[in-house]
Amino acid sequence: MPIGVALAITLAVARVYGNRPISLLATSIVGIFRGFPAIVTLFIIFFALPDVGVFFSPYWSAVLGFVLVTGAYQSEYVRGAIQSIHVGQSLAAQALGMNKPQEIIHIILPQAIRAALPGISNEIIYLILYSSLASYIGVEEIFAVARSFNSLEFKPIEIFLTAGLIYAAMATVCFAGFRTVERKLRIPGLEVAR
Amino acid sequence: MADGEVVLKVENLHKSYADIKVLNGVSFEIDRGQIKVICGPSGSGKSTLLRCLNLLTYPDKGRVWLEEQEITGQISDVNKVRQKIGFVFQEFNLFNHLTALKNVSIALEIVKKMKKEEARDLALKELRKVNLGEDAHKYPAELSGGQKQRVAIARALAMNPVIMFYDEPTSALDPHLIGEVLDVMKKLAQEKLTSIVVTHEIGFARSVADEIMFMGGGTILERGRPDELISNAKHEMVRQFFRRMNELYRREGE
Amino acid sequence: MATLAEFLPYILSGTVWTLGLVGGGLAIGFIIGLLMAVGQVYGSEEIKGFVHAYVWFFRSLPLLVLLFLFYWGVFPATGYKLDPLACSIVVLGLRSGAYQSQIFRGAIISLGGTQLLAARALGISEPKAVFHIVLPQALRISMPGWSNEYAIMIKDSAITFALGVLEILTRTRYVVMATHEPLIPYFFAGGLFIVLTYSGTKIVNVVYERTKIPGLVGRM
């Protein structure tokens, strides 16, 4: 997950600040991984890549797939946040003699990430739910376990409801957690100053 | 401090945006210790001029020298040039995610590579100079407009620039807050900090400026000592401008 | 490669089913979402509570789990026999309703209470005011968020492969199993989804531009 965030930031910065070739590359990467359904991405990594000689275990296929997908979605949030920052912040940074990397790292990103936080936390919660898809490439996660229980003892409502509620609990806990994090990181007036 | 030493020389600056000619051949010089005020109606190119001088925008034609170094040619590091110029914006442009103290010290740390403690101490000193020592730990959103602008001035000062640019520093302020900022600027002017101030505050100009340059239509229409220009301008447009300003403010000196 | 070319049209024909899933799901979601949004903004505390719980449930459980829950559990329990396609549409619709209710709710709230007040002042009763004054504006403002929902739906429709619905992904899997060539089919499927997503959102944007109320931009 943290890798996804890091990837997202890199992609977003590349899209906004990169020169044409880099920006285009980043935009297409984002476009592809947002456009493909997550499950398709997972299948490609696990089933299709071996054809070109790239092998990943089920678990790592899932990790890679989700990192790419969530990174792409999150980069949209980060990009929006970066672009929402008043141009005056950049001007002030330049007027003080900062170069582009310094300006981006010390001035723009700290503000952008705070602004993108609600979106990013939302994405991570989606991730928790969509992890159920990993069961179809062989990962032994909650849904996979639920299905095997169901084939042993056919009690679909109890089994799937329980499984679903486990996911729901995780999601809700994360959601509350993120709200606390957001509150802690909040800077007086920053949410208003968009 | 050698008087008569030219800090900034501007020669024949031109700048257009799309089809609009904003700067149409501006030239002037400013010596060390001088305070020059630029006045004029909106759209006359005043802000653009300042931004061309510290290379936030690049002029189409013309040359600028900062302390003998030509900055409009091929320069190795535009950032080094900007470090020597202190810029105060109309909209303050304080870094929202940093405290007042950090706003002032961050450039010292990143750009001038000062140690954290050194930068902090210097920042605190500058903040005290603008009467904000106690508010150093507040965030921009917690400060009034006048306080924000003073932090902005401290931030620019901390870099120890050779010249200060003020781009309509009080235009975004509520009337009762203008005074505190002007007082700080006056104090700095008295310390002979070379400055170019773009402003409508005639009273300020009259009390501290060595010269007023009036801009209109992209050029300097007239320049001269404050009392001459304000009451006795030669150019018709300049005369009208000051007459209207006097009517508006009915202020006698400062 | 020759055999592969034969199979691609097969995958392509899955598009009809995919669109059916999406269309049905969005339609059901639209009705449910609209009703719930109105209920959440103007309704009693009980209604608000119900909506809140509904939204929480359908947004916190993974789609995959919901599909299985309903297909193997809920529907058989009620005695109805639903085929995978119909069941999928229902589940997608119920879930989409939860999401759409929040979109509409946001739009209604962003309009502020003033529109309703003005209508009441003119003597229009509350239900009529909501229907004739608030909703037309709210619906237009919602469009950008709605195109997002469409995009998500297109991709979620792929998950119904788990129930065997003959949409794009299911067919792709069959092709892969038959030809043992996973690379091209999956990329083809992915590309197909992108095309569907892109054209759909384009259409919604065009509609939005045509019916936009000048100057009225929502919180999206």
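Protein chains in written order, with this note's numbering: chain W, 1 to 194; chain F, 1001 to 1254; chain L, 2001 to 2220.
Even for Gly, the Cβ is constructed at its ideal location relative to N, Cα and C.
Beta-carbon proximity check, residue i vs residue j, cutoff 8 Å
{"i": "residue 1158(F)", "j": "residue 1104(F)", "result": "yes"}
{"i": "residue 1230(F)", "j": "residue 1242(F)", "result": "yes"}
{"i": "residue 2150(L)", "j": "residue 2034(L)", "result": "no"}
{"i": "residue 1119(F)", "j": "residue 1109(F)", "result": "yes"}
{"i": "residue 1059(F)", "j": "residue 1008(F)", "result": "no"}
{"i": "residue 45(W)", "j": "residue 64(W)", "result": "yes"}
{"i": "residue 1011(F)", "j": "residue 1027(F)", "result": "yes"}
{"i": "residue 2038(L)", "j": "residue 2143(L)", "result": "no"}
{"i": "residue 1221(F)", "j": "residue 1237(F)", "result": "yes"}
{"i": "residue 1033(F)", "j": "residue 1192(F)", "result": "yes"}
{"i": "residue 1177(F)", "j": "residue 1144(F)", "result": "yes"}
{"i": "residue 62(W)", "j": "residue 2182(L)", "result": "no"}
{"i": "residue 2107(L)", "j": "residue 2119(L)", "result": "no"}
{"i": "residue 1216(F)", "j": "residue 1040(F)", "result": "yes"}
{"i": "residue 2140(L)", "j": "residue 2212(L)", "result": "yes"}
{"i": "residue 2059(L)", "j": "residue 2098(L)", "result": "yes"}
{"i": "residue 94(W)", "j": "residue 103(W)", "result": "yes"}
{"i": "residue 1206(F)", "j": "residue 1226(F)", "result": "yes"}
{"i": "residue 1084(F)", "j": "residue 1209(F)", "result": "no"}
Neighbour-count burial assignment, residue i, 16 or more Cβ in a 10 Å radius
{"i": "residue 1150(F)", "result": "buried"}
{"i": "residue 1077(F)", "result": "exposed"}
{"i": "residue 116(W)", "result": "buried"}
{"i": "residue 180(W)", "result": "exposed"}
{"i": "residue 135(W)", "result": "buried"}
{"i": "residue 1082(F)", "result": "buried"}
{"i": "residue 1097(F)", "result": "buried"}
{"i": "residue 2154(L)", "result": "buried"}
{"i": "residue 2031(L)", "result": "exposed"}
{"i": "residue 1022(F)", "result": "buried"}
{"i": "residue 1044(F)", "result": "buried"}
{"i": "residue 1167(F)", "result": "buried"}
{"i": "residue 2122(L)", "result": "exposed"}
{"i": "residue 2131(L)", "result": "exposed"}
{"i": "residue 105(W)", "result": "exposed"}
{"i": "residue 2171(L)", "result": "buried"}
Cα-Cα separation, residue i to residue j
{"i": "residue 1133(F)", "j": "residue 77(W)", "result": "38 Å"}
{"i": "residue 32(W)", "j": "residue 2194(L)", "result": "8 Å"}
{"i": "residue 30(W)", "j": "residue 2189(L)", "result": "17 Å"}
{"i": "residue 1228(F)", "j": "residue 1025(F)", "result": "24 Å"}
{"i": "residue 108(W)", "j": "residue 1135(F)", "result": "24 Å"}
{"i": "residue 167(W)", "j": "residue 129(W)", "result": "6 Å"}
{"i": "residue 145(W)", "j": "residue 56(W)", "result": "22 Å"}
{"i": "residue 1165(F)", "j": "residue 74(W)", "result": "40 Å"}
{"i": "residue 2057(L)", "j": "residue 164(W)", "result": "9 Å"}
{"i": "residue 194(W)", "j": "residue 1089(F)", "result": "Because residue 194(W) sits at a pLDDT of 30, beneath the cut-off of 50, its placement in the model cannot be relied upon, and the point is left open."}
{"i": "residue 1092(F)", "j": "residue 2111(L)", "result": "33 Å"}
{"i": "residue 35(W)", "j": "residue 2186(L)", "result": "13 Å"}
{"i": "residue 1102(F)", "j": "residue 1087(F)", "result": "17 Å"}
{"i": "residue 2007(L)", "j": "residue 2100(L)", "result": "36 Å"}
{"i": "residue 2044(L)", "j": "residue 2079(L)", "result": "33 Å"}
{"i": "residue 51(W)", "j": "residue 2184(L)", "result": "11 Å"}
{"i": "residue 1073(F)", "j": "residue 2198(L)", "result": "47 Å"}
{"i": "residue 23(W)", "j": "residue 79(W)", "result": "12 Å"}
{"i": "residue 2175(L)", "j": "residue 2084(L)", "result": "20 Å"}
Candidates the options: closest to residue i by CA position
{"i": "residue 2152(L)", "options": "110(W), 38(W), 86(W), 131(W)", "result": "38(W)"}
{"i": "residue 114(W)", "options": "137(W), 61(W), 84(W), 134(W)", "result": "84(W)"}
{"i": "residue 1153(F)", "options": "1188(F), 1176(F), 1139(F)", "result": "1188(F)"}
{"i": "residue 1047(F)", "options": "1176(F), 1206(F), 1198(F)", "result": "1198(F)"}
{"i": "residue 171(W)", "options": "132(W), 88(W), 187(W), 136(W)", "result": "132(W)"}
{"i": "residue 2016(L)", "options": "2192(L), 2125(L), 2005(L), 2133(L)", "result": "2192(L)"}
{"i": "residue 69(W)", "options": "58(W), 87(W), 93(W), 40(W)", "result": "40(W)"}
{"i": "residue 139(W)", "options": "151(W), 110(W), 42(W)", "result": "42(W)"}
{"i": "residue 1030(F)", "options": "1211(F), 1170(F), 1086(F)", "result": "1211(F)"}
{"i": "residue 1130(F)", "options": "1019(F), 1201(F), 1182(F)", "result": "1182(F)"}
{"i": "residue 1138(F)", "options": "121(W), 148(W), 187(W)", "result": "187(W)"}
{"i": "residue 118(W)", "options": "27(W), 50(W), 185(W)", "result": "185(W)"}
{"i": "residue 2051(L)", "options": "2080(L), 2036(L), 2059(L)", "result": "2036(L)"}
{"i": "residue 2093(L)", "options": "2078(L), 2172(L), 2175(L), 2054(L)", "result": "2054(L)"}
{"i": "residue 2074(L)", "options": "169(W), 156(W), 182(W), 183(W)", "result": "156(W)"}
{"i": "residue 2113(L)", "options": "2102(L), 2095(L), 2137(L)", "result": "2137(L)"}
- Query: Is the region 2155-2167 of chain L close to the region 2083-2091 of chain L, with three or more CB pairs under 8 Å?
  - Reply: yes
- Check whether the region 107-125 of chain W touches the region 171-185 of chain W, taking contact to mean three or more Cβ pairs, one atom from each stretch, closer than 8 Å. yes
- Please confirm if the region 157-166 of chain W is in contact with the region 2056-2074 of chain L, defined as three or more CB-CB distances below 8 Å between the two stretches. yes
- Give a yes or no on contact between the region 2014-2024 of chain L and the region 2166-2184 of chain L, applying the rule of three or more CB pairs nearer than 8 Å. yes
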